[in-house]
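Asks:
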Amino acid sequence: MIRCSDVMCGSEQGQFRGNSESVGWKGSSGTIKMHPARSIRRAEWFEGSLRLLCEQDGATEVFALDGFKDSDFEPLWKYIEQACGVYLKKHRPQAAVEEADFDSAMGGIEDAADRVDEASKGSVQKKAKEADLMKKVEVLRDGLDQAVSGDKQALSRVFAANGCERIGRLRLVVDTVQLEIYHTDPRWKHLLSKCATIEAVLKELGTFRLWRPVEGHSSSLLKRAAIVRELRHRHGEEEVNTTDPTHPTPVPPPELPRKMPEVPILPKVSQLDADLPSQDQASASVQPHPEPEPVSHDIVKEDVPPKANEAKEACRSSRTPSESADEEAERSERVRRMLYLYPTSVMEGQHAPTEVIPAGSVYRVYNAEAEVQQARCFCVGIRERNYYMVCDNESQQRSWIEAIEQTLCKKNRA
Numbered sequence: 001m002i003r004c005s006d007v008m009c010g011s012e013q014g015q016f017r018g019n020s021e022s023v024g025w026k027g028s029s030g031t032i033k034m035h036p037a038r039s040i041r042r043a044e045w046f047e048g049s050l051r052l053l054c055e056q057d058g059a060t061e062v063f064a065l066d067g068f069k070d071s072d073f074e075p076l077w078k079y080i081e082q083a084c085g086v087y088l089k090k091h092r093p094q095a096a097v098e099e100a101d102f103d104s105a106m107g108g109i110e111d112a113a114d115r116v117d118e119a120s121k122g123s124v125q126k127k128a129k130e131a132d133l134m135k136k137v138e139v140l141r142d143g144l145d146q147a148v149s150g151d152k153q154a155l156s157r158v159f160a161a162n163g164c165e166r167i168g169r170l171r172l173v174v175d176t177v178q179l180e181i182y183h184t185d186p187r188w189k190h191l192l193s194k195c196a197t198i199e200a201v202l203k204e205l206g207t208f209r210l211w212r213p214v215e216g217h218s219s220s221l222l223k224r225a226a227i228v229r230e231l232r233h234r235h236g237e238e239e240v241n242t243t244d245p246t247h248p249t250p251v252p253p254p255e256l257p258r259k260m261p262e263v264p265i266l267p268k269v270s271q272l273d274a275d276l277p278s279q280d281q282a283s284a285s286v287q288p289h290p291e292p293e294p295v296s297h298d299i300v301k302e303d304v305p306p307k308a309n310e311a312k313e314a315c316r317s318s319r320t321p322s323e324s325a326d327e328e329a330e331r332s333e334r335v336r337r338m339l340y341l342y343p344t345s346v347m348e349g350q351h352a353p354t355e356v357i358p359a360g361s362v363y364r365v366y367n368a369e370a371e372v373q374q375a376r377c378f379c380v381g382i383r384e385r386n387y388y389m390v391c392d393n394e395s396q397q398r399s400w401i402e403a404i405e406q407t408l409c410k411k412n413r414a
């Protein structure tokens with residue numbers, strides 16, 4: 001015999017009763033509902049609510065009861081199994097993260113990450129800022145841990161909204177914040193794992209989008225992180241969902257310096273001298289650039305494509321005994337200039353520039369690999385902003401830094 005008080009059936013309160021023969025409920029007004037114990041075909045429990053599927057004489061009915069206490073579950077489970085021969089299935093609440101809760105926690109993460117990056121490397125202040133970040137990470141991690149164990153559709157509704165902005169903001173922070181002490185902390189690694197899990201769920205459901213911060217976002221970290229993410233993508237270090245026809249077309253960032261254009265098939269050595277302009281023709285057709293100062297050939301020597309080197313060797317091999325070293329150098333210079341779209345260029349990268357930096361406006365140019373955690377990256381700083389660019393190799397990186405420093409830096413043009 002089992003009895004449970006204060007149980008609701010519909011809008012009326014009463015008492016649940018059960019024995020080996022029957023299961024019933026008696027309301028405070030005297031209303032009685034009863035079913036044979038052996039007519040119970042299925043039983044389910046969820047947070048104090050009991051649902052019994054009863055089948056009798058070919059008819060089925062759901063016996064719905066609410067208001068049980070948590071302590072009632074165990075005796076109910078034993079009773080239903082013994083008297084009805086049915087297992088009482090207990091449903092656990094689906095964990096779900098609330099949008100407002102995540103947004104609040106994410107804002108704290110972004111602010112703490114900004115303070116970590118602003119602190120001086122190796123300082124006590126940086127260590128303290130990292131410890132503060134880990135406290136906020138722990139709160140967010142626990143919330144995500146519950147969310148990923150719940151309903152996938154509910155997870156998608158939260159993190160796929162606004163073009164996957166929420167998971168995009170989290171990914172940008174974890175990819176770019178510069179931790180010194182806590183980068184191996186279990187809390188940090190756990191957060192990275194949960195971030196990857198959420199992205200995997202969104203991709204599985206077809207709702208994943210590559211998010212980028214909009215112009216004017218309040219967090220300076222997100223602006224810089226977006227640049228870093230684009231640099232990594234351009235170098236094949238990041239997977240992008242390009243197969244999805246609904247994927248929004250990203251706004252292209254500033255073009256990056258790349259290898260110089262491939263040299264067109266050069267004529268034979270015997271035709272090369274005839275095709276090249278004479279010294280007088282060259283001086284008449286090519287006007288000196290008014291801004292950049294003459295730069296040594298060493299700036300581009302290491303980055304000249306193989307075909308250009310072959311052309312130079314061809315010129316040297318055809319040199320006559322009466323040809324001086326200066327004439328040979330001039331011939332080589334003309335061959336090198338054939339590679340450029342603009343004859344007055346000091347260095348060339350992409351064919352179509354998207355940004356223009358006036359000569360003398362550059363305050364500094366430096367190796368930015370440690371700053372943005374990206375190999376072969378350098379930064380060109382002007383008063384309004386910083387430009388982060390990536391080269392194909394270290395030699396090219398050095399050459400670009402030297403060339404920009406000599407021709408565009410303000411201190412060298414004063």
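Residue numbers for the sequence shown follow the UniProt record's numbering, so the first one is 1 and each next one is one higher.
Backbone N, C-alpha and C define an ideal beta-carbon position, used for all residues, glycine too.
1) Going by DSSP, name the residue or residues bridged to V62.
2) Return helix, strand or coil for L210, following the three-state DSSP convention.
3) The alpha helix (DSSP H) with V158 in it runs from where to where?
4) Quick check on the DSSP output: the beta strand (DSSP E) that includes C4 runs from which residue to which?
5) Leaving out the 5 sequence neighbours to the left and right, which residues in its chain are closer than 6 Å to D117 when beta-carbon positions are compared?
6) How should V390 be labelled, buried or exposed, when 16 other C-beta atoms within 10 angstroms of its C-beta is the threshold for buried?
7) For N367 and M347, I'd like the C-alpha separation in whole angstroms.
8) Using DSSP with H/G/I as helix, E/B as strand and the rest coil, what is residue 418?
9) Label P294 either buried or exposed according to how many other C-beta atoms from any shown protein chain fall within 10 Å of its C-beta, with 16 as the threshold for buried.
10) Can you name the residues that DSSP bridges to Q178?
11) Distance check for D70 and G48, CA to CA, integer angstroms please.
12) Over the uninterrupted alpha helix (DSSP H) stretch that includes A370, give me the two end residues.
13) Assuming contact is defined by CB atoms lying nearer than 7 Å, are I167 and K136 in contact in what I supplied?
14) Flag this pair as yes or no: are the beta carbons of M134 and D185 separated by less than 7 Å?
15) Which residue wins for smallest C-alpha separation from W77, given the options L50, C54 and P36?
16) In chain order, what are the residue ranges of uninterrupted alpha helix (DSSP H) at least 4 long that sit wholly in the stretch 81-166?
17) Indicate whether R212 and C164 have their beta-carbon atoms separated by less than 7 Å.
18) Using the three-state DSSP reduction, which class does Q406 fall into: helix, strand or coil?
19) Measure the C-alpha to C-alpha separation of Q13 and F159 and round it to an integer number of angstroms.
20) Which same chain residues end up closer than 6 Å to L170 when comparing Cβ atoms and leaving out the 5 residues on each side of it in sequence?
21) Within this structure, are the beta carbons of R115 and R187 separated by less than 7 Å?
22) Rank N19, S11 and W25 by C-alpha distance to the C-alpha of S5 and give the top, closest one.
23) Could you please give me the residues that DSSP links to G30 through a beta bridge?
24) Are the CB atoms of S149 and L205 nearer to each other than 7 Å?
25) Checking 7 Å against the spacing of the C-beta atoms, do L192 and V174 come in under that value?
26) Pairing CB atoms from the stretch 32-49 with CB atoms from the stretch 71-91, are three or more of them under 8 Å?
Replies: From the atom records:
1) L53
2) coil
3) K152 to F159
4) I2 to C9
5) Q178
6) buried
7) 18 Å
8) Residue coverage of the chain in this structure runs from 1 to 414, which leaves residue 418 outside it and unanswerable.
9) Because the pLDDT of P294 is 44, which lies under 50, any placement of that residue in the model is unreliable, and the number read from its coordinates should be weighed accordingly. P294 comes out exposed.
10) For Q178, which the question treats as bridged, DSSP gives no partner whatsoever.
11) 6 Å
12) E369 to V372
13) no
14) yes
15) L50
16) 99-118, 124-148 and 152-159
17) no
18) helix
19) 41 Å
20) C195
21) At the C-beta level, R115 and R187 stay beyond 7 Å of one another.
22) W25
23) DSSP, once it has assigned bridges, lists no residue as partnering G30.
24) no
25) yes
26) yes
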